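S.K.: First, the structure itself, so that you have it in front of you.
Chains as they are written, first to last, in the working numbering: chain A, -1 to 124; chain B, 630 to 817.
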């Protein structure tokens, strides 16, 4: 393939790429878009959903706190005993869970951070 | 970005619907074209275009004007395309970046025969529409939406070298598509 042919090919390619037509729109979408944005207003700083969810969580935490404060001392002691027994049982029979949980947490943390770090590195290269 | 567009963006950011409608009118054709070239379906492309502008409206208060408005819109539409075509993102990333130098762009030097020239153009237009989706996206952004390599890289969040490599390979594929036609010219 000689240079003249390559140059001609390049010229043909550039011409074809530059003359490739923009697709005509079947219809304007302006009205559809405007109808949708009039219905979906921009989100405020917090939405009603966020507010209700936060309120529900706060109420649950508060209720738990007051329930613990008002439990009879005998029941509190029983709960404490059961908790100690469970902890001891865990230490004796399921000690392997400690490294497994730690490894799982490390894997989760890596999965959450490594893609972002790769992205940041790619952006810096660019 | 023209002063008029900047004014329209500022008004739209404050909630002016008419200003935003003017921006939609101005840019919808290019956004639609980009979506259509990637998804190759008119209805899906219209859906994507509409969704792009709805998302743009929601995110407009965060638009700081660091990039061009149209580049920002193309970023939204390509992200939506990634959702529709999960392999597109991977295909773009897999292009690599082995072409780092600028691709020379020659001026059109008309072939001797006008008929041959028109035939080649039609043939190449057909070949462009049959390119893989990642190449169609890059070629459309470069040649139809007239973005610079840097703007394409920013829109697609890709390294500049990857964009150049993609366009270089798209041209190589088109060059291959031209080969049978050239043989028919030489044998004629």
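The beta-carbon is built from N, C-alpha and C at its ideal position, and this holds for glycine as well. Model, not experiment: these values are computed from the prediction.
On the three-pair Cβ rule with 8 Å, is the stretch 774 to 787 of chain B touching the stretch 746 to 763 of chain B?
M.R.: With a cut-off of 8 Å, the stretch 746 to 763 of chain B and the stretch 774 to 787 of chain B do not count as touching, because too few Cβ pairs lie within range.
S.K.: Residues of the stretch 20 to 33 of chain A in Cβ contact with chain B at a cutoff of 9 Å, in chain order, please.
M.R.: For the stretch 20 to 33 of chain A, which is checked against every Cβ of chain B, the residues closer than 9 Å are 20, 21, 22, 23, 24, 25, 26, 27, 28, 29, 30, 31, 32.
S.K.: What in chain A is Cβ-close to residue 773 of chain B, meaning under 7 Å?
M.R.: Going along chain A in sequence order, the residues near residue 773 of chain B (Cβ under 7 Å) are 18, 20.
S.K.: Hey, is residue 648 of chain B's beta-carbon within less than 9 Å of any beta-carbon in chain A?
M.R.: Answer no: the Cβ-Cβ gap between residue 648 of chain B and chain A never drops below 9 Å.
S.K.: Pairs of beta-carbons, one from the stretch 696 to 716 of chain B and one from the stretch 670 to 684 of chain B, closer than 8 Å: are there three or more?
M.R.: Yes, since at least three Cβ pairs between the stretch 696 to 716 of chain B and the stretch 670 to 684 of chain B fall closer than 8 Å, the two stretches touch.
S.K.: Could you tell me which of B/699, B/684, B/669, B/752 sits nearest to residue 660 of chain B, measuring between CA atoms?
M.R.: Answer by Cα proximity: B/699.
S.K.: Whole angstroms is fine: what's the gap from residue 773 of chain B's alpha carbon to residue 694 of chain B's?
M.R.: Looking at the two C-alpha atoms, the distance is approximately 23 Å.
S.K.: Which whole runs of the alpha helix (DSSP H) in the stretch 739 to 796 of chain B are 4 residues long or more, in chain order?
M.R.: Fully enclosed alpha helix (DSSP H) runs of 4 or longer: 743 to 758, 762 to 768, 778 to 785.
S.K.: Would you say residue 86 of chain A lies against chain B (beta-carbon separation less than 9 Å)?
M.R.: No, residue 86 of chain A does not count as interfacial toward chain B.
S.K.: What number of angstroms, rounded off, separates the C-alpha of residue 49 of chain A from the C-alpha of residue 778 of chain B?
M.R.: So the two alpha carbons sit approximately 44 Å from each other.
S.K.: Tell me whether residue 682 of chain B sits in a helix, a strand or coil according to DSSP, three-state version.
M.R.: The answer is helix: DSSP assigns residue 682 of chain B an H, G or I state.
S.K.: Please report the residue range of the alpha helix (DSSP H) in which residue 67 of chain A lies.
M.R.: Unbroken alpha helix (DSSP H) run through residue 67 of chain A: 46 to 68.
S.K.: Could you check whether residue 662 of chain B and residue 791 of chain B sit closer than 9 Å to each other, using their CB atoms as the reference points?
M.R.: No, these two residues do not count as a Cβ contact at 9 Å.
S.K.: Taking just the CA atoms, how far does residue 65 of chain A sit from residue 108 of chain A?
M.R.: Going from the Cα of residue 108 of chain A to the Cα of residue 65 of chain A covers about 38 Å.
S.K.: Put residue 88 of chain A into one of helix, strand or coil per three-state DSSP.
M.R.: Looking at residue 88 of chain A - three-state DSSP - the assignment turns out to be helix.
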